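Before any comments, here is the structure.
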Amino acid sequence: MPAPTHGSIRDIVKQRIIAVVREVKAADSMKVLILDTPTLKTISAVCRTMEIIEEGVSLLENLERRRQPMPGMQAIYIIHPNEDSIEKVKNDFKSAQDSMYAGAHIYLTSHISNDLIYSMRQCNELVQRTKSLKELNFEFVALESQVRAADETMYVLIEDMQCYSLGLHDAFRTLYSPVTVAKNAMIHTIADRMLTLCVTLGEFPNITYKKAASAEFDMVEKIAKALQVSLSNFDKQIVEGNSWWQPKRSEPANILIVDRRSEAGGLSDIDVSFSFDALTPLMHEYTYQARCLLVGVEGLTEIQAMVYDLMEMKDSKYKYTTSNAKGEDVEKVSSLDESDALWVQLRHMHIADAINFVIDEFNRFVQQNKAANMAKGEAKSLRDLSEAIKSMPQFKDRLAKYSLHMDLTKKCMALYEQKFLEKISTEEQNMATGADAQGKALKTVQQSVMNVLQDEHISEKDKLRLILIYVISQEGLSEADVDKLVSSAHLQNTSSAQRIVQNLKHLNVTLKQAQAKPKGMISSGMTAASKLFPFIKADSDKKRPKMATDVGYDLSRYRPPLQYIIQDALEGKLDPNEYVTTAPTSSKSQAETNSNGPSRNPRNKASWADKSAIRRDEPKEASKSKAGPRLIVLVVGGLAYSELRAAYEMTTKEIIIGSTEMMAPEAFLDSLAVLSEPTV
Numbered sequence: 001m002p003a004p005t006h007g008s009i010r011d012i013v014k015q016r017i018i019a020v021v022r023e024v025k026a027a028d029s030m031k032v033l034i035l036d037t038p039t040l041k042t043i044s045a046v047c048r049t050m051e052i053i054e055e056g057v058s059l060l061e062n063l064e065r066r067r068q069p070m071p072g073m074q075a076i077y078i079i080h081p082n083e084d085s086i087e088k089v090k091n092d093f094k095s096a097q098d099s100m101y102a103g104a105h106i107y108l109t110s111h112i113s114n115d116l117i118y119s120m121r122q123c124n125e126l127v128q129r130t131k132s133l134k135e136l137n138f139e140f141v142a143l144e145s146q147v148r149a150a151d152e153t154m155y156v157l158i159e160d161m162q163c164y165s166l167g168l169h170d171a172f173r174t175l176y177s178p179v180t181v182a183k184n185a186m187i188h189t190i191a192d193r194m195l196t197l198c199v200t201l202g203e204f205p206n207i208t209y210k211k212a213a214s215a216e217f218d219m220v221e222k223i224a225k226a227l228q229v230s231l232s233n234f235d236k237q238i239v240e241g242n243s244w245w246q247p248k249r250s251e252p253a254n255i256l257i258v259d260r261r262s263e264a265g266g267l268s269d270i271d272v273s274f275s276f277d278a279l280t281p282l283m284h285e286y287t288y289q290a291r292c293l294l295v296g297v298e299g300l301t302e303i304q305a306m307v308y309d310l311m312e313m314k315d316s317k318y319k320y321t322t323s324n325a326k327g328e329d330v331e332k333v334s335s336l337d338e339s340d341a342l343w344v345q346l347r348h349m350h351i352a353d354a355i356n357f358v359i360d361e362f363n364r365f366v367q368q369n370k371a372a373n374m375a376k377g378e379a380k381s382l383r384d385l386s387e388a389i390k391s392m393p394q395f396k397d398r399l400a401k402y403s404l405h406m407d408l409t410k411k412c413m414a415l416y417e418q419k420f421l422e423k424i425s426t427e428e429q430n431m432a433t434g435a436d437a438q439g440k441a442l443k444t445v446q447q448s449v450m451n452v453l454q455d456e457h458i459s460e461k462d463k464l465r466l467i468l469i470y471v472i473s474q475e476g477l478s479e480a481d482v483d484k485l486v487s488s489a490h491l492q493n494t495s496s497a498q499r500i501v502q503n504l505k506h507l508n509v510t511l512k513q514a515q516a517k518p519k520g521m522i523s524s525g526m527t528a529a530s531k532l533f534p535f536i537k538a539d540s541d542k543k544r545p546k547m548a549t550d551v552g553y554d555l556s557r558y559r560p561p562l563q564y565i566i567q568d569a570l571e572g573k574l575d576p577n578e579y580v581t582t583a584p585t586s587s588k589s590q591a592e593t594n595s596n597g598p599s600r601n602p603r604n605k606a607s608w609a610d611k612s613a614i615r616r617d618e619p620k621e622a623s624k625s626k627a628g629p630r631l632i633v634l635v636v637g638g639l640a641y642s643e644l645r646a647a648y649e650m651t652t653k654e655i656i657i658g659s660t661e662m663m664a665p666e667a668f669l670d671s672l673a674v675l676s677e678p679t680v
């Protein structure tokens, strides 16, 4: 099977899936594609159902559901190589009489263990009917591949920003809980999934991580070393002459591994080399994507599940009301994904900019189209836009997108008012930066925070987030002060809130005051932290060059520390006394020329003599982009939306950012709530 040769991560994964389907020649019989749940997430992120069907697939099935036998069909299994999925495949071929399909073409998303190979060999009918067994190497979800980033004068398309997720929703709890027993297993799972990303990209990367101050914080070092071993072992297993990496790049990629947990014990010692923070996932974010996905869309891709801070969506399907040709209100369903060009343009804009952009784009469309121009004058507001759309039914497909995003932006702003987010976010920004919107250092915030907590219009979850931000920014409070905060919020379950606050210590957040200080005083550490952020011009201009996108909104002043870590990594300024860079050992030279390995006829029965018979399909070339090596960022413990946005502001080199999972504020709270509980 020829490997994909170009494109983004999404393109490469999609090309590989299509190639798998095309490779299976069903002749007169038909093909059924069978996926397990993890693979379904991977494939649905890059392919539409119709695109699969157009390749000759008659039926798509879920491996985990009861299925009707199709003895005349060739079955294509794309599955994760775990015990549960392998057992279900075996059950499809119990005997010659009970076999559900004529043949099995098994594609594994990552490396399969010897034990599972042995288990498959015990099913004689499966052995007889298996036509191919291959490892595809994509144990991750390819999320965004293109974004629009704003400069001072216009919006420009930046294609070199990509995002992925390892889909490990239990990683946060497993890695940071004091009672878990599966840390080492999770570390190796992370390394194995990162290996598949490297193979997909054709990269044999260097690996950078921060030195651990103690054994308690050596998790990223363990992940780095496990990945290094996995890369070296994989390289040794590849048939000589079938180099799997990208030889045309002058330098290998660099993987930067960072940890959600802070070694600094709060923000008192914060600098650009600190490991990570617990503050950022709690902050409200005001890009269009972060605001708009809580409005009613059903079942998201992972990148969208992360951003449901305002609008609850499922399956990235958004239900909204628009007008038909008769001017009647009708309900429609639309998808927010890569296929919506306007969504791709809007999603990383500030919500205020997104509203203006929709109106400006509509007016540009009207001016460029004579027939449309006859309908209405220039739209100056969302209401004008709504009325203009009703008067131009002949452009329904194009106008449907304007209508969709007009509806979303209206609901975003309505919820902004209903949830009193200006009041909440003002306090968040003040605490996180140590300064008000004018850049004036704050000496006290206690009373203003208490006023918000006592407001009955504020939701309990927003109150809890504010309490946690207060605790983190104060670098510790007395138990009496914590109790006072929780009590003033009038929460229904105060014991749960107190437990969540206490669980911050497992992220190494300081909870108890080290020394006395006046009540309500902003921590001295916040002054140090605020100097890192470019909205305080006097300090930031001395410490840092201006970012690609300057913050222009009072409620978006906070910049996550990850932004500065990435900037230093791109500029080669990470402190060598703080960070270690290693390279996996290779048996071959990166200058080696690619050549295609031996192919196997999919009609022939697969060899089960030993595990080496499994064919590994590796992409020979990934997308070429800006000069120099890629920077691949792995955030262990979850990626906050504002951190993703911050990475998109780095436009000098290609950045691929991802995490064990995408972390919404509510998901972060849920994870904190159970952090000290034993896993079942």
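Numbering (the UniProt record's numbering), first residue to last: 1 to 680.
By construction, the Cβ of each residue, glycine as well, lies at the ideal position given by its N, Cα and C atoms.
All figures in this text were calculated on a predicted structure; none of them were measured in a lab.
Asked	Found
Per DSSP, which one or two residues make a beta bridge with E331?	T321
Going by DSSP, what residues sit across from C412 in a beta bridge?	DSSP lists no partner for C412.
Specify, as a first and last residue, the run of the beta strand (DSSP E) that P71 falls within.	70–79
If we define contact as Cβ-Cβ less than 7 Å, is I34 a contact residue for chain B?	Here chain B cannot be found, since the structure has a single protein chain.
Below 7 Å between beta carbons: does that hold for I656 and Q162?	yes
Just to confirm my understanding: we take A142, look at its own chain, exclude 5 residues before and 5 after, and list those with CB closer than 7 Å. What are they?	I9, R10, V13, A45, V46, Y164
Alpha carbon to alpha carbon, how far is E203 from Q304? Give it in angstroms, no decimals.	The predicted model places Q304 with a pLDDT of 36, which falls under 50 and marks its position as unreliable, so this point remains unresolved.
Exposed or buried, what is Y118 when buried is set at 16 or more other beta-carbons lying within 10 Å of its beta-carbon?	exposed
What distance in whole Å lies between the Cβ atoms of A104 and F93, which are believed to be in contact at a cut-off of 8 Å?	7 Å
If you draw a straight line from the C-alpha of V20 to the C-alpha of D455, how long is it?	57 Å
Taking only three categories from DSSP, how would you classify H111?	coil
Given this structure, state the Cα-to-Cα distance separating F274 from R260, to the nearest angstrom.	In this prediction, F274 has a pLDDT of 39, which is less than 50 and means its spatial position is unreliable; nothing more can be read from the coordinates.
Along the chain, where does the beta strand (DSSP E) containing L634 start, and where does it finish?	631–636
Taking just the CA atoms, how far does S676 sit from residue 685?	The structure shown does not extend to residue 685, since the chain is modelled only from 1 through 680, so no value can be given for it.
Is it buried or exposed, K457, if we count other Cβ atoms within 10 angstroms and call 16 or more buried?	Checking the sequence, you will find His at residue 457 rather than Lys. So H457 ends up on the exposed side.
Give the DSSP-derived three-state secondary structure of T130 in the structure shown.	strand
Given a cut-off of 7 Å, decide if K225 and E578 are closer than it, judged by their beta-carbon atoms.	no
May I ask you to verify whether the segment 333–346 touches the segment 634–651, counting CB pairs closer than 8 Å and requiring at least 3?	no
Is it true that the segment 398–413 meets the segment 350–359, where meeting means three or more beta-carbon pairs spaced less than 8 Å apart?	yes
Going straight from the alpha carbon of A497 to that of F138, what length do you get?	39 Å
Among T426, L336, K419, whose alpha-carbon lies nearest the alpha-carbon of L404?	L336
Using the beta-carbon count (16 or more within 10 Å), is L121 buried or exposed?	It should be pointed out that residue 121 corresponds to Arg in this sequence rather than to Leu. Flag for R121 reads exposed.
Less than 7 Å between the beta carbons of A75 and V32, yes or no?	yes
Beta-carbon within less than 7 Å of L231's beta-carbon, same chain only, minus the 5 sequence neighbours each way: which residues are those?	L195, C198, F204, P584
Can you tell me whether Y209 is helix, strand or coil according to DSSP?	strand
Ordered along the chain, which non-local residues of its own chain (more than five positions away) have a Cβ less than 7 Å from that of E125?	F93, K94, S95, A96, S99
May I ask you to report which of helix, strand or coil DSSP gives V501?	helix
Do you know offhand how far D397's Cα is from E331's?	15 Å
In angstroms with no decimal places, state the Cα-to-Cα distance between I187 and F172.	11 Å
Can you check which of these residues, E87, A667, E649, F362, is closest to A400 by C-alpha distance?	F362
Relative to the alpha-carbon of M70, which residue among L485, L60, I79 has its alpha-carbon at the smallest distance?	L60
So is D151 buried or exposed if we call it buried at 16+ other beta carbons inside 10 Å?	Confidence at D151 is low in this model, with a pLDDT of 35, below 50, so the placement of that residue is unreliable and no value is reported for it.
Give me the Cβ distance between Y659 and L634, rounded to the nearest whole Å; I'm assuming they're in contact under 8 Å.	In the sequence as presented, Tyr is not what sits at residue 659; that position holds Ser. Right, the Cβ-Cβ distance comes to about 7 Å (below 8 Å), so this counts as a contact.
Provide the residue span of the beta strand (DSSP E) that contains N254, from first to last.	254–259
Compare the C-alpha of L570 against each of L136, I34, A253 and name the closest.	A253
Can you tell me the Cα-Cα spacing of N84 and E666, whole angstroms?	Rather than Asn, the amino acid found at residue 84 in this sequence is Asp. Taking the straight line joining both Cα atoms gives about 30 Å.
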